[in-house]
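Before any comments, here is the structure.
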Amino acid sequence: MDYKKSIPNSTVTRDMNALCEDTGNIYETVKIISKRSNQISVEMKTELEKKLQEFASYTDNLEEVFENREQIEISRFYEKLPKATLIAAQEYIDGKVYHKNPAREKLKK
């Protein structure tokens, strides 16, 4: 997944009224963004662990410490990525997050 495309790496002030237009409830909107943020965070963590697994050393010798440049570069890349909450908020604003509320759908019927 390409996490680094056009997402600011710092905090951005958002218009809360514009964010909750879709749901009508700011708390529901925050819950949707939070759940998507958790999904992104898990994806990023598993991707990082998979990449770092290649460099894993299974020796029991604690005295043997070495630096692996590739491992350091991979770790730095993931440290510089935008936070999962920023990515999730941008996806929500762009309309890329699918959500439904079963309780609200029952009321419509």
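Using the numbering used here, you'd call the opening residue of the sequence shown number 1002 and step up by one each time. Here a beta-carbon is modelled for each residue, glycine too, at the ideal position from N, C-alpha and C.
Just reading off the alpha helix (DSSP H) that residue i is part of, what are its end residues?
| i | result |
| --- | --- |
| Leu1053 | 1027-1054 |
| Asn1018 | 1017-1020 |
| Asp1023 | Careful: Asp1023 lies outside any alpha helix (DSSP H) and carries neither H nor E. |
| Tyr1079 | 1070-1081 |
Residue i and residue j: beta carbons closer than 8 Å?
| i | j | result |
| --- | --- | --- |
| Ala1085 | Met1045 | yes |
| Ile1088 | Ile1033 | no |
Are there 16 or more other CB atoms within 10 angstroms of the CB of residue i, so buried, or fewer, so exposed?
| i | result |
| --- | --- |
| Gln1054 | exposed |
| Glu1065 | Low confidence applies to Glu1065: its pLDDT is 48, below 50, so where it sits in the model is not reliable, and the reading given next is rough at best. Glu1065 is exposed by the Cβ-count criterion. |
| Ala1104 | exposed |
| Tyr1028 | exposed |
| Thr1030 | buried |
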